[in-house]
Amino acid sequence: MKNIPKICGIIIWTDNLEKMSNFYENILGLSIRTKKSNYVNFEWGDFKLTISKHSQVKGKSKDKFRIMINFDVLNINQTISDLSEKGVKIIRKPEEEEWGGLIATIEDPDNNIIQLLQKSS
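Take the sequence shown: its position 102, counting from 1, is numbered 941 in this note's numbering, and each next residue is one higher.
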């Protein structure tokens, strides 16, 4: 679309900012760009992933497969091993896809689904 040239960010709303922030920063190892009392922001170039409190959000995701966040990883098997040791719920162990890369699936503290992708070399 000419009027929407790219995606610039994603917000994950939560009522448990501390636990979610800890997961994305300390478990996944993402670097925080901005941290305030009601949100935390991670940034890659001009793309932002924000986790923020929302008064209308209560509890964990009830339809966790509706949206999946994809993260590129360099070594999917090592990443899954490290996350498993940290107690992260692994939904799908690394498997090769038709396009030649590998995909694994994990869950964050609010039951949101995250897919890890290792592109083929």
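Heads up, the beta-carbon is just placed ideally off N, CA and C, and yes, glycines get one too.
Just so we're clear, the structure is a prediction, and the values are computed from it rather than from any experiment.
*Comparing alpha-carbon positions, which option in I851, I843 and P844 lies nearest P948?*
P948 has its Cα closest to that of I851, out of I851, I843 and P844.
*asked:* If you measure between the beta carbons of L956 and G940, is that distance less than 9 Å?
replied: Against a cut-off of 9 Å, the Cβ pair of G940 and L956 comes out as a contact.
*asked:* Less than 6 Å between C-beta atoms, sequence neighbours within five positions excluded: which residues of the same chain meet that for K858?
replied: Same-chain partners within the cutoff: P948.
*Whose C-beta lies closer than 6 Å to the C-beta of H893 among residues of the same chain, with five residues either side of it excluded?*
The beta carbon of H893 lies closer than 6 Å to those of W852 in the same chain, with the five residues before and after it left out.
*From K932 to K874, what distance separates their C-alpha atoms?*
Cα to Cα, K932 sits roughly 32 Å from K874.
*Give the secondary structure of E882 by DSSP, where H, G and I count as helix, E and B as strand, and everything else as coil.*
E882: strand per DSSP, three-state reduction.
*Flag this pair as yes or no: are the beta carbons of S900 and E882 separated by less than 9 Å?*
Contact: no.
*In angstroms, rounded to a whole number, what distance separates the CA positions of K925 and S860?*
Those two C-alpha atoms are separated by around 15 Å.
*If you follow the beta strand (DSSP E) that E924 is part of, which residue opens it and which one closes it?*
Careful: E924 lies outside any beta strand (DSSP E), inside the alpha helix (DSSP H) at I915 to E924.
*Using the C-alpha atoms, what's the distance from Y863 back to V896?*
The straight-line gap from Cα to Cα measures roughly 19 Å.
*In angstroms with no decimal places, state the Cα-to-Cα distance between N916 and I929.*
Their backbone Cα atoms lie some 12 Å apart in a straight line.
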